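Undergrad: Have a look at this one.
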Amino acid sequence: MDPNSGEKLHVVVGATGGTGRALVRELLRRGRRVRAVNRSGTATMPAGVEVVAGNALDAASMVAACRDAGVVYNAVNPPLPRWRDDFPAAIDGTLAGAEAAGARLVFVDDTWMYGRVTGPMTEDLPPRPVSNKGLLRAWLAERVLAAHAQGRVETVIGRATELYGPAVESLLGRNLFGPAVGRGSGLWIGNFDEPLAPTFIDDFAYGLADLAEHEGTLGQAWHIPTPPAVTAREFIRMISTEIQRPLPVRRLGPGLVRALGTVSPVAREGAEMLYQFQQPHVADASRFRAVVGPGSVTDYRTGIRRTLAWYRTTPHRGLLPSGS
């Protein structure tokens with residue numbers, strides 16, 4: 001049975017995070033059978049979604065949660081301070097679940113493994129991480145692709161740049177959209193004039209679902225398409241246009257961010273990722289477009305409008321990125 005058959009079961013592990021919820025919405029839009037997995041087994045989900053309990057860190061739990069799956073999506077995103085301890089176990093757990101079910105595994109990834117760059121990132125760039133989290137990301141991706149090469153599990157990786165959108169915990173969300181709806185001042189930790197091409201969360205989910213359903217993508221990592229790059233200054237200006245007032249944004253230098261890390265665990269973990277916002281942060285998705293298709297590309301103004309609408313009903317939290 002093909003993965004794009006409506007009868008095939010798609011299991012989303014980490015279904016209550018921003019990416020997980022977007023995946024559930026996208027799969028339902030495509031008419032797929034969906035099972036949402038989180039630790040508690042309780043979640044508010046659209047009608048027709050089966051919700052089950054499962055601990056991604058426990059292989060036996062994942063085998064049970066992924067039973068009868070055709071595709072398993074690893075959308076698990078532990079809190080930054082727990083990455084080193086929890087992420088390897090979550091990879092092993094979801095691989096075990098997919099392998100037992102004979103299912104394909106789609107791994108939700110970012111671009112942190114590439115390290116310092118001077119232009120758009122391509123999938124052919126060798127991993128050159130300059131942070132502990134980038135090093136971990138490189139190792140996790142290698143483990144996922146090794147399972148495919150060994151014939152254990154069909155796997156594919158989808159990578160996104162900095163995410164934004166409803167329910168997304170990221171630098172853009174915490175430091176720009178929250179203050180925009182709260183009439184406060186935003187924060188920025190990088191260069192206002194470096195190019196960046198953030199990924200709208202629903203576009204990421206669309207691309208991940210495309211990868212799951214395309215035989216030619218297996219055993220590889222792929223960049224999900226985004227609109228053309230803008231600068232942080234231009235992105236902030238678009239937010240200001242939508243809220244109909246200038247959004248004041250204060251730039252935090254590396255020294256201040258590191259100082260915040262002495263009192264904030266989140267800031268401490270995020271500080272080593274500062275370099276990403278002091279260089280171009282653009283992923284070249286031309287290979288995806290050539291092999292898979294155009295994907296879904298939400299223009300920034302529309303994405304900003306939808307994100308602001310969500311933030312108006314949701315309390316603003318925190319400072320600094322928490323991963324994708």
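Residue 62 in the UniProt record's numbering sits at position 62 of the sequence shown, and the numbers go up by one each step.
Quick reminder that beta carbons are idealized off the backbone N, C-alpha and C, glycines included.
Everything numeric in this text was worked out from a predicted model, so none of it was measured.
Tell me whether Glu50 sits in a helix, a strand or coil according to DSSP, three-state version.
TA: Reduced to three states, the DSSP call for Glu50 is strand.
Undergrad: Please list the terminal residues of the continuous beta strand (DSSP E) segment that includes Asp109.
TA: Element bounds for Asp109: Arg104 to Asp109.
Undergrad: Leaving aside the five residues before and after Pro228 along the sequence, list all residues of the same chain whose C-beta is less than 8 Å from its C-beta, in chain order.
TA: Around Pro228: Ala197.
Undergrad: When the Cα of Gln278 is compared with those of Pro254, Ala149 and Arg159, which residue comes out closest?
TA: Measuring from the Cα of Gln278, the nearest candidate turns out to be Pro254.
Undergrad: Please return the same chain residues whose Cβ sits closer than 6 Å to the Cβ of Gly18, not counting the five positions on each side in sequence.
TA: Answer for Gly18: Ala167, Val168 and Ile201, listed in chain order.
Undergrad: Pick out the complete beta strand (DSSP E) segments inside the region 220-296, 3 residues or longer, and give them in chain order.
TA: Counting only runs of 3 or more, we get 221-223 and 249-251.
Undergrad: Would you kindly work out how many angstroms separate the C-alpha atoms of Leu163 and Arg152, rounded to a whole number?
TA: Looking at the two C-alpha atoms, the distance is approximately 31 Å.
Undergrad: Candidates Met273, Pro225, Leu176 and Val13: which alpha carbon is nearest Ala290's?
TA: Of the listed residues, the one whose Cα sits closest to Ala290 is Pro225.
Undergrad: Pick helix, strand or coil for Gly165, following the three-state DSSP scheme.
TA: Gly165 falls in the coil class under three-state DSSP.
Undergrad: Compute the distance between the beta-carbons of Val117 and Pro248, then report whether it is under 8 Å.
TA: Against a cut-off of 8 Å, the Cβ pair of Pro248 and Val117 comes out as no contact.
Undergrad: Less than 8 Å between the beta carbons of Val71 and His10, yes or no?
TA: Yes, the pair counts as a contact, with Cβ atoms nearer than the cut-off.
Undergrad: Run the CB neighbour count on Gly41, radius 10 Å, all protein chains shown included, and call it buried at 16 or more, exposed below.
TA: Label assigned to Gly41: exposed.
Undergrad: My assumption, with CB atoms under 8 Å, is that Asn74 sits in contact with Gly14. Please give the rounded CB distance.
TA: With a Cβ gap of about 7 Å, Asn74 and Gly14 count as contacting.
Undergrad: DSSP has Gly186 in a bridge; who is on the other side?
TA: Gly186 is bridged to Val249.
Undergrad: So is Glu99 buried or exposed if we call it buried at 16+ other beta carbons inside 10 Å?
TA: Classification for Glu99: buried.
Undergrad: Taking C-beta to C-beta, are Arg251 and Phe192 nearer than 8 Å?
TA: Taking 8 Å as the Cβ cut-off, Arg251 and Phe192 qualify as a contacting pair.
Undergrad: Under DSSP, the beta strand (DSSP E) around Val11 begins and ends at which residues?
TA: Val11 -> beta strand (DSSP E) spans Leu9 to Val13.
Undergrad: Does the Cβ of Gly173 have 16 or more other Cβ atoms within 10 Å, making it buried, or fewer, making it exposed?
TA: Result: buried.
Undergrad: Run through DSSP, which three-state label would Thr155 get?
TA: Strand at Thr155.
Undergrad: Let me make sure I understand the geometry here. Which of Gly119, Leu208, Asn132 and Leu187 has the alpha-carbon closest to that of residue 331?
TA: The structure shown does not extend to residue 331, since the chain is modelled only from 1 through 324, so no value can be given for it.
Undergrad: Identify the continuous alpha helix (DSSP H) that holds Asn132 and give its terminal residues.
TA: Asn132 to Ala149 is the extent of the alpha helix (DSSP H) around Asn132.
Undergrad: Please classify Phe204: does DSSP put it in a helix, a strand, or coil?
TA: In the structure shown, Phe204 sits in a helix (DSSP, three-state: H, G or I).
Undergrad: So if DSSP puts Thr199 in a beta bridge, which residue, or which two residues, is it bridged to?
TA: Answer by DSSP bridge pairing, in chain order: Leu163.
Undergrad: On the three-state DSSP scale, how would you describe Asn38?
TA: In the structure shown, Asn38 sits in a strand (DSSP, three-state: E or B).
Undergrad: Tell me, please, whether the region 118-129 touches the region 24-42 by the rule of three or more beta-carbon pairs shorter than 8 Å.
TA: With a cut-off of 8 Å, the region 24-42 and the region 118-129 do not count as touching, because too few Cβ pairs lie within range.
Undergrad: Just the Cα atoms here: how many angstroms apart are Ala141 and Thr199?
TA: Their Cα atoms are separated by approximately 20 Å.
Undergrad: Under the assumption that Pro195 contacts Thr231 (Cβ atoms under 8 Å), give the Cβ distance between them as a whole number of angstroms.
TA: So it is a contact: roughly 6 Å between Cβ atoms.
Undergrad: Applying the criterion that 16 or more other CB atoms from any shown protein chain within 10 Å of the CB defines a buried residue, is Gly119 buried or exposed?
TA: Gly119 comes out exposed.
Undergrad: Looking only at DSSP bridge pairs, what is Met121 linked to?
TA: According to DSSP, which records beta bridges pairwise, Met121 is partnered with Ala283.
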